[in-house]
Each structure stands twice: as C-alpha cells, then as structure tokens.
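Asker:
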Amino acid sequence: MILSNDDDIGRAWLSGLARNPNIPPMLLRRIVDDHRDVLRWPYLDRRVWTGGQFDALADHPDQRVREWLAEALHVTPEQRARLVEDPAIQVLRILALGQDRFVLAVDTWEPPPALPAWAYDRLLEREPSLLPYLRDNPDAPQYVAYEWPQPVEEEDRDPAAYDFPVGPDERIPPVRWAVGTTDPETLRECAHSPHIALRRSVARNRNLPAGLIALLAEDDDFAVRLMLCESHRDVPPEALLRVYLEATTMSHFTLQGHPAFPRTGLARLADSPDPKARALVTRDPDAGTEVIDRLSRDPDPTVRARAAADPRLSFERLGELLDDLSVAAPAAANPRVSQGFMERVVREAAAPGSPSA
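Following numbering that gives the first Met the number 0, the numbering of the sequence shown begins with 0 at its first residue and continues without gaps.
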C-alpha cells in the first residue's frame, strides 16, 4: 500500500498513527521520513511526546521537521530547549518568536512557557540578531523593552451613572476601572449592578472574592458568565459546563482546558440531544466501555471520533472503526492499536526504495 493522493484510508491511518501516544519512536521517524510532504499537522498537535519520540525527530536532516517540532504545541519546554543548539537560523527564529498565542489560547486555558528562561539567554548568545524577536515574545519578559502605555482612567467611576441601554448580543468595550479595581465596595456594586457593562467588566476582575464569583456564575447574561470563566480558576464547575454548552464561538475549546472544567459525571450526557454534550462523555474517567461503544456509533462525526480514540473502546469495535474512513484517523490514534498494525501500515505505505519499504 504505497501512499498516494487518492489513498484516503492509508492517509487517515498514517495521520492517526502520527498522533498515537504509544507509537514507537522509530516508527514515528519512518512516517516522517516517508510522508512529511503530505502530513504536517499531526506532528504539530499531537498531545503526548515521550522523550524517545521527540529525540527521534530532533536531529532530523530535513530542517522543516525541526521547524515543526519548534512549533509543536505539546512538547515540554525542556524538550523544546534541545533545539536552541540547532544549526538552522529559521529554527532559532521560531523559538525566539514563541508559539502562536491564538492557537494556544484555543487549545489550552493556561499555556505553559514555550522554553525555560535560560534557553532564551542561550538563543541570544548564539544569535544576537534574535533580540527583536525576543522582545515580541511574552514568554521572554526579560527582553521586552517596550512598555505599554497605561490605560486612561474614565472620569466617572460611579456605578450608578451607567444607565445607557446595551443588548445581550451587543459587544461593548470593558469599563477599565471596573476591571482593575481592588475596592471591595466597588466590586460589590459592579457585580450587583443592573447594567451589563459593569457586570461584564467586573467579571474579568482578578480581585473578585468567591462570593461574587458565585453570584456572577448565575448571571442571566451569557457574556458575563463567559468572561468570568475565562478570567478565574475557581469558577463553579457546573457554571463552566453550562457556558461551554451555550458557547457558539471558538472560546468553548479553551474552556475544556480550564482547571475547573468537570470530568466526573459527564457520562450522564450520553443521551443528550446536543452532540457537543455527548462529545464530552469520553472525558469522564468513569464512563464505561458500553457507553463508549454506543458513542462510537453516534450519528455525529465529532462524537464518533472522540469515541474512536478512546482507550476504553473494545478491540473488536476498534478494528471495525479502523476500516471506517470517517473515523479511521482517530481510531489509528487510539493507544490500544497494536504495534503489529502500526508496523504493517508504515511498511506498506513506504515509498519504493526507502529504508521502510
């Protein structure tokens, strides 16, 4: 099975194997060697990188592969730091620029630093021309030379003065003093204010006490609750779940990575009419094999894909899903896929004359 442009099932298997957390390092290397021109994103967003898997690619002769590693979302800062000695200036530039903060914000609630602090110093030692890149990297604050101007404070800080109409779907700029105030009485007045602008703004205030967080978590305005969830670690888990299910923007991906997002008890959503709710069931450590099997037959493709990648899926059902093109990639990413299957796919997809063939 030589991988070709019309070999959809083979491409799906390789894409899934490139994400599989249990793939042996040398098999991962062989996939990269033979198919790096058609498979890039699986390496960028695979969620588990063992030391051996990272090492198998860190010295790859193709500079593009090392660039992908520098950009990969889930390698550890210590693993990525290995690349500071890379001979290619473009790899060093990527490290100096840091990871895409928008992608990280979508992918995880609190993105970790891309590199240890010492690694930025080493980058500058090796290549002084990287300083402008480091100045734009929020993970390298020791090199940030530009100071952002402080916001101009509004003259009117009286919560009672806010009486202009705002619709529930209307976007409004934050009231800066409400976002930054530390005064307990002002926090209380804003949280209890009938005006959406003040409640939305104070929901972002990091000084909110637990009682006001609980109050705003039940607010009638969706934007108030969304901003609260995006700004605070100790939001009630059920409030997070409610906001997640109501959200229609990319912010709901971020909420799944919130430290307070519920895990246990989500199996109860298996019968929900909302596919976004059913897709959460695989996050529940107590969800049984029978539930996962049922979700693997769900009419919604996202729900089926989540179930296909779940290690609680039976071997029999996993085998069936590997032959189903709609979920073949997540099925191949399932950690229960046998090494024998991995070796066969990599061997049969190898280009003629390659060491993998």
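Glycine included, every Cβ here is placed at the ideal spot set by N, Cα and C.
Bear in mind the structure is a predicted one, so any value in this text is a computation, not a measurement.
Note down the Cα distance separating glutamate 188 from arginine 203, rounded to an integer number of angstroms.
Answerer: Numbered from 1 along the sequence shown, position 189 holds the residue referred to as residue 188. Numbered from 1 along the sequence shown, position 204 holds the residue referred to as residue 203. In a straight line, the C-alpha of glutamate 188 is about 15 Å away from that of arginine 203.
Asker: Please identify the residue among Leu123, Tyr119, Ala213 whose C-alpha is closest to the C-alpha of alanine 139.
Answerer: Along the sequence shown, read from residue 1 onward, the residue named residue 139 stands at position 140. With distances taken between Cα atoms, alanine 139 lies closest to Tyr119.
Asker: Rounded to a whole number of angstroms, what is the C-alpha to C-alpha distance between aspartate 88 and glutamine 78?
Answerer: Counting from one through the sequence shown, the residue named residue 88 turns up at place 89. Counting from one through the sequence shown, the residue named residue 78 turns up at place 79. A quick correction: the sequence has isoleucine, not aspartate, at residue 88. The alpha-carbon atoms of isoleucine 88 and glutamine 78 are separated by roughly 18 Å.
Asker: Buried or exposed: tryptophan 117, going by 16 or more other Cβ atoms within 10 Å of its Cβ?
Answerer: Along the sequence shown, read from residue 1 onward, the residue named residue 117 stands at position 118. The residue in question, tryptophan 117, is exposed, as its Cβ has fewer than 16 Cβ neighbours within 10 Å.
Asker: By DSSP, does leucine 114 sit in helix, in strand, or in coil?
Answerer: Taking the first residue of the sequence shown as position 1, residue 114 is located at position 115. Coil at leucine 114, not helix or strand.
Asker: Quick check: what's the CA-CA separation for leucine 239 versus arginine 262?
Answerer: Walking along the sequence shown from the start, residue 239 turns up at place 240. Walking along the sequence shown from the start, residue 262 turns up at place 263. Computed Cα separation, rounded: 11 Å.
Asker: Could you give the DSSP three-state label for proline 272: helix, strand or coil?
Answerer: As a working note, residue 272 is residue 273 in the sequence shown. Here proline 272 sits in coil by DSSP.
Asker: I need the straight-line Cα distance from leucine 317 to arginine 267, nearest angstrom please.
Answerer: Translated into positions along the sequence shown, residue 317 becomes position 318. Translated into positions along the sequence shown, residue 267 becomes position 268. Cα to Cα, the separation comes out at about 23 Å.
Asker: Between Asp220, Asn19, Leu122, which lies nearest to glutamine 338 when the distance is taken from Cα to Cα?
Answerer: In the sequence shown, the residue the question calls residue 338 occupies position 339. The shortest Cα separation from glutamine 338 among Asp220, Asn19, Leu122 belongs to Asn19.
Asker: What would DSSP say about glutamine 78, mapped onto helix, strand or coil?
Answerer: In the sequence shown, the residue the question calls residue 78 occupies position 79. In the structure shown, glutamine 78 sits in a helix (DSSP, three-state: H, G or I).
Asker: Assign valine 178 to one of three DSSP states: helix, strand, or coil.
Answerer: Against the sequence shown, residue 178 aligns to sequence position 179. Here valine 178 sits in helix by DSSP.
Asker: Please confirm whether alanine 306 and aspartate 297 have their CB atoms less than 9 Å apart.
Answerer: Numbered from 1 along the sequence shown, position 307 holds the residue referred to as residue 306. Numbered from 1 along the sequence shown, position 298 holds the residue referred to as residue 297. Their beta carbons are under 9 Å apart, which means alanine 306 touches aspartate 297 by this criterion.
Asker: Distance, Cα to Cα, arginine 65 vs valine 90?
Answerer: Indexing the sequence shown from 1 puts residue 65 at position 66. Indexing the sequence shown from 1 puts residue 90 at position 91. Looking at the two C-alpha atoms, the distance is approximately 7 Å.
Asker: Can you give the beta carbon distance from alanine 246 to leucine 225, rounded, assuming they're within the 8 Å contact cut?
Answerer: Here residue 246 is taken as the residue at index 247 of the sequence shown, counted from 1. Here residue 225 is taken as the residue at index 226 of the sequence shown, counted from 1. Rounded, the Cβ-Cβ distance is 7 Å, consistent with contact.
Asker: Tell me whether isoleucine 22 sits in a helix, a strand or coil according to DSSP, three-state version.
Answerer: Within the sequence shown, the letter at position 23 stands for residue 22. Here isoleucine 22 sits in coil by DSSP.
Asker: From this set, Pro115, Val83, Gly264, which residue's C-alpha is nearest glutamate 124's C-alpha?
Answerer: On the sequence shown, position 125 is the one that residue 124 refers to. Considering only alpha carbons, the answer is Val83.
Asker: What is the DSSP secondary structure of proline 183, counted as helix, strand or coil?
Answerer: In the sequence shown, counting from the first residue as 1, residue 183 sits at position 184. Helix, per DSSP.
Asker: From the DSSP output, in three-state form, read off aspartate 32 for me.
Answerer: As a first step, residue 32 must be located in the sequence shown, where it is residue number 33. Aspartate 32: helix per DSSP, three-state reduction.
Asker: Thinking just about the alpha-carbon of each residue, which of Ala222, His191, Ser200, Cys228 is nearest to the one in leucine 357?
Answerer: No information on residue 357 is available, as it lies outside the stretch 0 to 356 that the chain covers here.
Asker: Buried or exposed: where does threonine 253 fall if 16 or more other Cβ atoms within 10 Å of its Cβ makes it buried?
Answerer: Locating residue 253 in the sequence shown gives position 254, where the first residue counts as 1. Answer is buried; the Cβ neighbour count reaches 16.
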